[in-house]
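Enquirer: Protein chains in written order, with our numbering: chain A, 1 to 130; chain B, 1001 to 1130; chain C, 2001 to 2130; chain D, 3001 to 3130; chain E, 4001 to 4130; chain F, 5001 to 5130.
There are 6 protein chains.
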Amino acid sequence: MQNNRYDRGWEKLKEIDGEAGEKIIESLKEVAPEFGKFIIEFPFGDIYSRSGLDLKSREIATVAALTALGHALPQLKVHVHGALNVGCSRKEVIEIIIQMAVYAGFPAALNAIFATKEVFDERDKNGLDK
Amino acid sequence: MQNNRYDRGWEKLKEIDGEAGEKIIESLKEVAPEFGKFIIEFPFGDIYSRSGLDLKSREIATVAALTALGHALPQLKVHVHGALNVGCSRKEVIEIIIQMAVYAGFPAALNAIFATKEVFDERDKNGLDK
Amino acid sequence: MQNNRYDRGWEKLKEIDGEAGEKIIESLKEVAPEFGKFIIEFPFGDIYSRSGLDLKSREIATVAALTALGHALPQLKVHVHGALNVGCSRKEVIEIIIQMAVYAGFPAALNAIFATKEVFDERDKNGLDK
Amino acid sequence: MQNNRYDRGWEKLKEIDGEAGEKIIESLKEVAPEFGKFIIEFPFGDIYSRSGLDLKSREIATVAALTALGHALPQLKVHVHGALNVGCSRKEVIEIIIQMAVYAGFPAALNAIFATKEVFDERDKNGLDK
Amino acid sequence: MQNNRYDRGWEKLKEIDGEAGEKIIESLKEVAPEFGKFIIEFPFGDIYSRSGLDLKSREIATVAALTALGHALPQLKVHVHGALNVGCSRKEVIEIIIQMAVYAGFPAALNAIFATKEVFDERDKNGLDK
Amino acid sequence: MQNNRYDRGWEKLKEIDGEAGEKIIESLKEVAPEFGKFIIEFPFGDIYSRSGLDLKSREIATVAALTALGHALPQLKVHVHGALNVGCSRKEVIEIIIQMAVYAGFPAALNAIFATKEVFDERDKNGLDK
């Protein structure tokens, strides 16, 4: 059954975060490969694979939380890709982050905006239309 | 124009948070009435009134962020009401919070689940079907 | 294999946190039973069951982190039980928390001390000698 | 010399926080008396005793930080007493906290306002004119 | 009236943060111009423009909070400029940050000290005498 | 007696953090030398010098807390050196950090893993066998 979690998680990670997600797992291979396995199995194999909330809504929640936390900008960038990949528009991503100024303060929102701009620029460079 | 922000914010606050939101403004009247005015004008008059993201998505983002912050359980309870008032199901609220275990840790998610249960119980007592 | 994770996790949760841990799982049954299952499977079935770090060291790490986070006092209380159950002395628990004043500030350490005192008092009442 | 730090700190703690501060040291006597000693010596004997910033400014900084942290409401209440004791007006305390909505979000500011109201009510009951 | 908030905020932002503040608004123009407008209107037009607390005290509060938050070093640097611009000495800024070791831990204070040193160096290079 | 705290702290800092710790004190000399003195005296002279918890356990607690805080990666790197210097294996350090995914979320753990990898690489380059 564990293989199911891993396989399901791996597919889900690729569906949501794409190349940006795969790179994280790759970068863990040398120093903590088992942590890469846990990322695939628990967040992606267990959580994002659940029914009860659609993927776009899940990414809205994740972008909001990663903005509010303040210390998670690398992960925010991966999930801005994720949000756009599963159906959010760029405008919607920006709206979520602006709203976080209310709950986590303007600095957290501001840092998230600039990290998001890097993702948009990268996607422009790669010819992605959103 | 400021009156517009206030009036628009007040309507939006009542639409989203209902009685739970009005009580907060009321409770500020004695100690910091101008802070109540700012809550109406900025988060509700300026942010939640924006187009570009539907209200249900905005509440998903807020429930996620308030869970992740960890110190905002009273506000989380108000916005669990809010999420249910604008179209989330109870199941969706629970899914958002469970997902936060991934980003903010199990304690933040666990405390949020118990706060949410209190909201569900209160709504049951008041005969609300969701 | 998933059953293995669940069974192993359940045994580990009982070994570490004892009755305090079981109560949490019980309290989730009505509102979010699947979250209880995740708690058993991931933190306890996957993480605490790993070799590479002894249980006492794991509880030292957890008491430190729950103190530093600041918003996790209910979970800290469970893991003060846990630390004492797997071999820490009361003095060691207090030392860990005092040390956190350096990294997370005096308020976080102070709140953790008072939460810990409640656990010690409860254990005194139950006739536990440590 | 350590006695100097302790004596100087104890005088400073009484000057700033008054009875509210003394109670904290008292409450630590049973569970972690050495932590009470550290509180007297380091924050009060070393830091608040320094020249270079007047006491009122130091309390403004502390009220701001304890509001922003979110998990430090018991300590905030002690330092609202402190701020008023060393020269802040109630209005100034409220202004500091409202300003924190900008940097730490509205929930942190809101929770701090309500904690501060409790301090004001207590001081009214004790016949303090500010 | 909204124009009043914007104009008043823009003047206040320039008075406090100077060029460092204007650059932030400028950098938002492409990705989220409306967020730049909110920064001008709410923190600067609404909050810093209030009477009841002098500007120097407001900057003391902000430097303290941005240090304590830990994730707001870019904003801290802008407000170290701000604090110096409205009347704080360099020594006072350092004192505020050292004091934060008590409330938010030594790492937050240490990172803030190094960020502040960059601001001091920049101001030295620009021939500012404080 | 204060000299005792300073001397004892300086020896303890060198024992635990080695060159990485000395560099921090050095880097404070120009901007805030008294803060360097406080770091030596309080965390190292007062806390790490206490009996009641062995140094390896203290470093386990510190690595856990610095990971969980999220904003303390430079200090985490110093204390990964520290943990290895006083008896932790690399594997144990990685285990502590992985465990933090449970309490502080996957992003905090992930950022800590990558910071730790830099320390391991540096130690490899310096020919340290652990």
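Where is the CB? At the ideal position from N, CA and C, for every residue including glycine. Remember, predicted model here, so these are calculated numbers, not experimental data.
Can you check which of these residues, D:Tyr3048, D:Ser3027 and D:Glu3019, is closest to Tyr3006 of chain D by C-alpha distance?
Expert: It is D:Tyr3048 whose Cα lies nearest to the Cα of Tyr3006 of chain D.
Enquirer: So Ala1032 of chain B packs on Ile3113 of chain D, CB below 8 Å; how close in whole Å?
Expert: Contact holds; Cβ gap of about 5 Å.
Enquirer: Which full runs of the alpha helix (DSSP H) of 4+ residues lie inside the segment 3037-3111 of chain D, going along the chain?
Expert: Entirely contained in the segment 3037-3111 of chain D, the alpha helix (DSSP H) runs reaching 4 residues are, in chain order, 3055-3069, 3073-3085 and 3090-3104.
Enquirer: If you measure beta-carbon to beta-carbon, which residues of the segment 3101-3112 of chain D are closer than 7 Å to chain E?
Expert: Correct list: Val3102, Tyr3103 and Ala3104.
Enquirer: Let me make sure I understand the geometry here. Which of D:Asn3003, D:Leu3013, D:Asn3004 and D:Gly3009 has the alpha-carbon closest to that of Glu3086 of chain D?
Expert: Here residue 3086 of chain D turns out to be Val, not Glu, going by the sequence shown. With distances taken between Cα atoms, Val3086 of chain D lies closest to D:Leu3013.
Enquirer: Taking only three categories from DSSP, how would you classify Gly3009 of chain D?
Expert: DSSP places Gly3009 of chain D in helix when its eight states are reduced to three.
Enquirer: Do Val5078 of chain F and Ala5020 of chain F have their CB atoms nearer than 9 Å?
Expert: For Val5078 of chain F and Ala5020 of chain F, yes; Cβs fall inside 9 Å.
Enquirer: So which residues of chain A does Gly5127 of chain F contact, with C-beta pairs closer than 8 Å?
Expert: Per Cβ cutoff of 8 Å: no residues; Gly5127 of chain F is ~19 Å from chain A at best.
Enquirer: Quick one: which chain D residues come within Cβ less than 7 Å of Cys4095 of chain E?
Expert: The sequence given here places Glu at residue 4095 of chain E; Cys does not occur at that position. Residues of chain D passing the Cβ test: Arg3050, Gly3052 and Leu3053.
Enquirer: Against chain A, with Cβ distances strictly below 9 Å, would Ala3068 of chain D count as a contact?
Expert: It does; some Cβ of chain A falls within 9 Å.
Enquirer: Just the Cα atoms here: how many angstroms apart are Phe3106 of chain D and Ser5027 of chain F?
Expert: If you take the alpha carbons of Phe3106 of chain D and Ser5027 of chain F, they lie about 37 Å apart.
Enquirer: Alpha carbon to alpha carbon, how far is Phe1131 of chain B from Ile3098 of chain D?
Expert: Residue coverage of chain B in this structure runs from 1001 to 1130, which leaves residue 1131 of chain B outside it and unanswerable.
Enquirer: Whole angstroms are fine: how far does the CA of Val4119 of chain E sit from the CA of Trp5010 of chain F?
Expert: Rounded to whole angstroms, Trp5010 of chain F to Val4119 of chain E spans 29 Å at the Cα level.
Enquirer: Cβ closer than 7 Å: which chain B residues qualify as neighbours of Ala2032 of chain C?
Expert: Per Cβ cutoff of 7 Å: Ile1094, Ile1098 and Ile1113.
Enquirer: Consult DSSP for Gly1128 of chain B and reduce its assignment to one of helix, strand or coil.
Expert: A quick correction: the sequence has Leu, not Gly, at residue 1128 of chain B. It is coil, neither helix nor strand.
Enquirer: According to DSSP, is Ala1032 of chain B helix, strand or coil?
Expert: Coil, per DSSP.
Enquirer: So, under 8 Å CB-CB, Glu1095 of chain B and Arg50 of chain A are touching, yes? Tell me the CB distance rounded to an integer number of Å.
Expert: Confirmed, about 7 Å.
Enquirer: Residues of chain C with a CB under 8 Å from the CB of Ala3072 of chain D: which are they?
Expert: By Cβ distance, chain C contributes Gly2070, Gly2105, Pro2107, Ala2108 and Asn2111.
Enquirer: I'd like to know if Phe3042 of chain D contacts chain F, where contact means its C-beta is closer than 9 Å to some C-beta of that chain.
Expert: At least one chain F Cβ lies under 9 Å of Phe3042 of chain D.
Enquirer: Please state whether the Cβ-Cβ distance between Thr1067 of chain B and Ala1104 of chain B is less than 9 Å.
Expert: Yes, they are a contact pair.
Enquirer: Cutting at 7 Å between CB atoms, please list the residues of its own chain near Ala2072 of chain C, excluding the five before and the five after it.
Expert: Taken in chain order, the residues that qualify are Leu2066.
Enquirer: Of all the options B:Leu1128, B:Val1102 and B:Ser1057, which has the alpha carbon lying nearest to the alpha carbon of Asp46 of chain A?
Expert: When only C-alpha atoms are compared, the closest one is B:Val1102.
Enquirer: Might you give, ordered along the chain, the residues of its own chain that have their beta carbon closer than 6 Å to the beta carbon of Ile5025 of chain F, omitting 5 neighbours on each side?
Expert: Closer than 6 Å at the Cβ level, and outside the excluded window around Ile5025 of chain F, lie Gly5036.
Enquirer: So is Asn4126 of chain E buried or exposed if we call it buried at 16+ other beta carbons inside 10 Å?
Expert: Burial call: exposed.
Enquirer: With the cut-off set at 9 Å, would you say Ala3083 of chain D and Lys3117 of chain D are in Cβ contact?
Expert: Contact flag unset, no.
Enquirer: Assuming contact is defined by CB atoms lying nearer than 9 Å, are His2081 of chain C and Asp2017 of chain C in contact in what I supplied?
Expert: Yes, the Cβ-Cβ distance between His2081 of chain C and Asp2017 of chain C is below 9 Å.
Enquirer: Along chain E, in chain order, which residues have C-beta atoms closer than 9 Å to that of Asp1121 of chain B?
Expert: Those within 9 Å of Asp1121 of chain B in chain E number zero; the least Cβ separation is about 34 Å.
Enquirer: Who are the near neighbours of Gly4070 of chain E in its chain, counting only those whose CB is closer than 8 Å to its CB and skipping five residues on each side?
Expert: Only Ala4104, Pro4107, Ala4108 and Asn4111 meet the Cβ criterion.
Enquirer: Hey, would you say Ala115 of chain A sits closer than 9 Å to Leu76 of chain A, going by beta carbons?
Expert: It is a contact, given that the beta carbons lie within the stated cut-off.
Enquirer: Of all Cβ atoms in chain B, is any one closer than 9 Å to the Cβ of Asp4007 of chain E?
Expert: No - not a single Cβ of chain B is within 9 Å of the one on Asp4007 of chain E.
Enquirer: Which class does Met1001 of chain B belong to by DSSP, given the choice of helix, strand or coil?
Expert: Its pLDDT being 47, under 50, Met1001 of chain B is placed unreliably by the model, and the measurement read from it follows with that caveat. Here Met1001 of chain B sits in coil by DSSP.
Enquirer: Under 8 Å: does the beta carbon of Ser1051 of chain B sit that close to some heavy atom of the ligand GDP?
Expert: As for the ligand GDP, it is missing from this structure, which has no ligand bound.
Enquirer: Return the Cβ separation of Lys4130 of chain E and Ser4089 of chain E in integer angstroms, given the expectation that the two are a contact with Cβ distance under 8 Å.
Expert: Right, the Cβ-Cβ distance comes to about 6 Å (below 8 Å), so this counts as a contact.
Enquirer: Within the 9 Å Cβ cut-off, does Thr5062 of chain F reach chain A?
Expert: Taking Cβ atoms only, chain A never reaches closer than 9 Å to Thr5062 of chain F, which makes this a no.
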